[in-house]
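Working notes, structure below.
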Amino acid sequence: MAHPFVNQSHVLHRQLGRKPDNVVGVKGISLVLESGRTILDATGGPSVSILGHQQPTIAEAIMNQLNKVPYIYSDARVTCNPNEELASLLLEDRPGGLSKVIFVNSGSEATDAAVKLAIQYWNERGMPGKTHVIGRKHSYHGNTIGALSVSGHTSRRKIYLDWMSRNTSFVDPVYAFRCKKTGETDSQYVKRLRDQLEAEILRVGPDNVAAFIAETVSGSTLGCLPPVPGYFKAVRELCDKHDVLLILDEIMCGMGKTGTMHAWEQEDIRGPDIQAIGKALGAGFVPLSGVLLHQKIFDALAAGSKGVLHGGTFQAHPIATAAAIAAQKIIRDQNLLANVVEMGTVLYKALEDEVRPLPFVADIRGRGLFWAVEFFLDPQNKVPFTTDARYSNQVVDAAFKNGLYILGTLGTAGDIHVEHVIIAPPYIVTTAEIYEIVRLLKVSLKEVNHRFISEQ
5 MAHPFVNQSH VLHRQLGRKP DNVVGVKGIS LVLESGRTIL DATGGPSVSI LGHQQPTIAE
65 AIMNQLNKVP YIYSDARVTC NPNEELASLL LEDRPGGLSK VIFVNSGSEA TDAAVKLAIQ
125 YWNERGMPGK THVIGRKHSY HGNTIGALSV SGHTSRRKIY LDWMSRNTSF VDPVYAFRCK
185 KTGETDSQYV KRLRDQLEAE ILRVGPDNVA AFIAETVSGS TLGCLPPVPG YFKAVRELCD
245 KHDVLLILDE IMCGMGKTGT MHAWEQEDIR GPDIQAIGKA LGAGFVPLSG VLLHQKIFDA
305 LAAGSKGVLH GGTFQAHPIA TAAAIAAQKI IRDQNLLANV VEMGTVLYKA LEDEVRPLPF
365 VADIRGRGLF WAVEFFLDPQ NKVPFTTDAR YSNQVVDAAF KNGLYILGTL GTAGDIHVEH
425 VIIAPPYIVT TAEIYEIVRL LKVSLKEVNH RFISEQ
């Protein structure tokens, strides 16, 4: 049965069996509930509100744009200053050869646009047969039908399988903590994954493969999981060898979250051919995501049809781009990426000191201010929890009760069940706030552990 509030509400809430708490205000990086309770937001929603919940400069930018040009339809006839300025702000240095951007609303839209641009690119080059996209198991690139088609998240795909594209296939993720063989070195593991990807390209046929898509640092499914050193270098070389586009999804992990503006900048590669960005791009004040394109993609379009087939009614909304300009300038002018690195070190050490010794803690991993704690039923012998244990969900519930907002496991993503929680505080977080986040997490873990152990 649905909760009486949900039953009465005209909003179709995502969870029907519980009443959502009503947020009536914000303060810094915290949410204020109608009950008067304050919740310390340690993830900024799903890693979105990277500047906290109050930024007068961004509010002013939104109001100014609202009074200037509140909306234009971004067809071929018109543009506007905030769209051009934001694009220049992101790409004036041409990182990795990326030189053009499409602005859309959600991360799912960005994935759809990225895949469609890859398909159009090969059509422009006279190779319309290159339509197959290879993704990775346990991946998540968005919730639209197109984005789910290239995602390896099994439970989110399950009931829509008849609608999924048949032009996709999946290889293993880079997950050394769970998937490296006994005695296998990092380089041997990378070679095994590289060989598997190449075998899949050859199975499908290089003339049929349009792109390989991957999250640079895995987000919600595997929990802030950085790649093994050398993995993306091998992938980049393999894509170049077989004329396959590399699409990197940095919707969750990008725009500074790992300590560099682009997570791939830490992977010793020249960059992707297409990159999806979002969440932190506009810091959550107005919905905004984007797709960055390498110059070679633009050159093929310009030499061919001279147009982009993908587009939408609210694409490149000027209020959203104006808000993002203000957000990105705050990050730049306040040198917040340095704070991401510094506070990330503080967060990691606090997690190691306070959380690592607790029962069921198996791994602590991440980069910058993008961290996760993974749990096993028996960490010493690497025995995972069963899916019905719902351990991380219990931790998330206990944390919220104690005044802390964190993210947990979102369904079963594949054959490997991962129980984890994510801690990804805003770029403006202070040392004192990090210590409070970790303290509340520790209190919550102890509560769940006591209950869980007593029930065994």
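Using our numbering, you'd call the opening residue of the sequence shown number 5 and step up by one each time. Ideal Cβ positions, reconstructed from N, Cα and C, are used throughout, including at glycine.
Run through DSSP, which three-state label would residue i get?
| i | result |
| --- | --- |
| Arg18 | coil |
| Glu271 | coil |
| Lys31 | strand |
| Tyr179 | coil |
| Val399 | helix |
| Gly49 | helix |
| Thr462 | Nothing in the structure corresponds to residue 462, since the chain is present only between 5 and 460. |
| Asp419 | coil |
| Asp190 | helix |
| Val452 | helix |
| Thr434 | coil |
| Tyr77 | coil |
| Phe404 | helix |
| Arg196 | helix |
| Thr413 | coil |
| Ser222 | strand |
| Val290 | coil |
| Leu444 | helix |
| Asp382 | strand |
| Arg207 | helix |
| Leu229 | strand |
| Thr42 | strand |
| Leu285 | helix |
| Leu55 | coil |
| Ser169 | coil |
How would you write the range of the alpha helix (DSSP H) that residue i sits in, first residue to last?
| i | result |
| --- | --- |
| Ala238 | Tyr235 to Lys245 |
| Leu70 | Pro60 to Lys72 |
| Val10 | Pro8 to Gln12 |
Taking the alpha carbon of residue i as the point to measure from, which residue in the options has its own alpha carbon closest?
| i | options | result |
| --- | --- | --- |
| Val108 | Pro291, Glu378 and Val27 | Pro291 |
| Leu90 | Ser396, Leu296, Gln338 and Leu305 | Leu296 |
| Val400 | Leu414, Gly258 and Ile273 | Leu414 |
| Asp247 | Arg129, Ala180, Asp199 and Lys162 | Arg129 |
| Leu165 | Cys257, Tyr179 and Ile149 | Ile149 |
| Ala376 | Ala354, Val194 and Cys183 | Ala354 |
| Pro50 | Val28, Ala287 and Leu340 | Ala287 |
| Asp419 | Phe389, Gln332, Lys446 and Gly407 | Phe389 |
| His424 | Pro132, Ile334, Leu444 and Leu449 | Leu449 |
| Ile33 | Pro429, Asp382, Thr186 and Val442 | Pro429 |
| Thr416 | Gly407, Arg160, Asp272 and Ile438 | Arg160 |
| Ala306 | Lys104, Gln12, Gly223 and Asp190 | Lys104 |
| Ala326 | Ala117, Ala63 and Asp357 | Ala63 |
| His314 | Glu254, Gly294, Lys261 and Leu249 | Gly294 |
| Gly227 | Thr391, Phe9, Glu271 and Ser143 | Ser143 |
| Phe374 | His157, Gly282 and Ser224 | Ser224 |
Under 7 Å Cβ to Cβ from residue i, same chain only, skipping five residues before and after it: list those, please.
| i | result |
| --- | --- |
| Val137 | Val119, Val154, Asn171, Thr172, Ala214, Ala215 and Ile217 |
| Ile301 | Leu121, Tyr125, Asp277 and Ile278 |
| Phe318 | Asn109 |
| Ile123 | Thr135 and Ala214 |
| Tyr193 | Ala180, Lys184 and Val232 |
| Ser112 | Gly146, Asn147, Thr148 and Ala151 |
| Pro132 | Trp126 |
| Pro24 | His17 |
With respect to the beta strand (DSSP E) encompassing residue i, which residues constitute its N-terminal and C-terminal limits?
| i | result |
| --- | --- |
| His424 | Glu423 to Ile427 |
| Gln279 | Ile278 to Ile281 |
| Ala376 | Phe374 to Phe379 |
| Phe216 | Val213 to Glu219 |
| Glu254 | Leu249 to Glu254 |
| Gly294 | Ser293 to His298 |
Within a Cβ cutoff of 6 Å, which residues of the same chain sit near residue i, ignoring the five residues on either side of it in sequence?
| i | result |
| --- | --- |
| Thr435 | Val350 |
| Leu411 | Thr47 and Ile426 |
| Ala320 | Ser78, Asn87 and Phe107 |
| Thr115 | His145, Gly146, Ala151 and Ala280 |
| Val73 | Cys84 and Pro322 |
| Ile54 | Gly48, Ala284, Ala287, Pro430 and Tyr431 |
| Gln328 | It is Ala, not Gln, that sits at residue 328 in the sequence shown. Correct list, in chain order: Leu90, Leu285, Gly286 and Leu292. |
Counting only the same chain and skipping the five closest in sequence on each side, list residues whose C-beta sits under 8 Å from that of residue i.
| i | result |
| --- | --- |
| Glu440 | Leu44 |
| Val452 | Tyr395, Gln398, Val399 and Ala402 |
| Gly101 | Arg274, Gly275, His298, Gln299 and Lys300 |
| Leu201 | Ile138, Val175, Phe216, Val239 and Leu242 |
For the ligand NAP, I want to know if residue i counts as a neighbour, meaning its beta carbon is within less than 8 Å of at least one of the ligand's heavy atoms.
| i | result |
| --- | --- |
| Leu94 | Questions concerning the ligand NAP fall outside what the structure shown contains, since it holds no ligand whatsoever. |
9 Å is my cut-off, CB to CB: does residue i come that close to chain D?
| i | result |
| --- | --- |
| Gly21 | The structure shown contains no chain D; it holds only a single protein chain. |
Scan the region 80-167 and note each continuous alpha helix (DSSP H) run of 4 residues or more that stays entirely inside, going in chain order.
Counting whole runs of 4 or more residues, the region 80-167 contains the alpha helix (DSSP H) stretches 85-95, 111-128, 149-153 and 158-161.
Extract the residue ranges of the alpha helix (DSSP H) inside the region 301-366, only unbroken runs of 4 or more that lie entirely within it.
Under the rule that a run must span 4 or more residues, the alpha helix (DSSP H) segments found entirely inside the region 301-366 read 322-337 and 340-358.
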